[in-house]
Amino acid sequence: MEEYQPGDIVEVETPKGLAYVQLTHTHPSYPPVVKFLSGPYKSRPENVTVLATEESPMAMVPLSGVLKKLGLKHSRVENVEIPRGERKFPTFRMPIRGKKGEIIYWWFWDGQGLTFSTELMETQEKLPMREVMSSDRFLEQLVADAR
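Put into structure tokens, the structure is as follows:
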């Protein structure tokens, strides 16, 4: 099973075309952080590295294991520098719920520590959820922008 490093752009053959992810961060206790690049495409874009400069959804994904489980052909296309604004480990959000399922407050995890807030600000709504993405959800996100 191939292991990927931060900066690696991985091409994945899906039923809807070629999709791309970039592994952006690793953590000793959690799966790698993966950025979902725009796509999929009928053929490889001329300059796939440009995709990594765009703002895109992120998630914690055991990438090699998920790709193996899904049986999707994949390969490392290139290793490119993580954009300057994304080099710091991303902050993830997680709702803490009461007995009735209502959100009582939010935890924010930056890879090192936790903070919390009872209100979710507009900028925090865009933060990725602190969860390990399933293989089915990974495939959904991979082809979400099908052209």
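For reference, each letter of the sequence shown is one residue, going 1 to 147 in the UniProt record's numbering. By construction, the Cβ of each residue, glycine as well, lies at the ideal position given by its N, Cα and C atoms.
Problem - As assigned by DSSP and simplified to three states, the class of E122 - result: coil
Problem - Reduced DSSP category for R130 - H, G, I as helix; E, B as strand; rest coil - result: Coil.
Exercise for the section: Name the one or two DSSP bridge partners that K35 has. Expected result: Q22, M58
Handout entry: Where L114 sits in the DSSP three-state scheme
Key = Looking at L114 - three-state DSSP - the assignment turns out to be strand.
Handout entry: N-terminal and C-terminal residue of the alpha helix (DSSP H) that R137 is part of
Key = 135-142
Practice task
Report back the beta-carbon spacing between Q124 and R93 to the nearest angstrom; my notes put them in contact at under 8 angstroms.
Solution key: 6 angstroms
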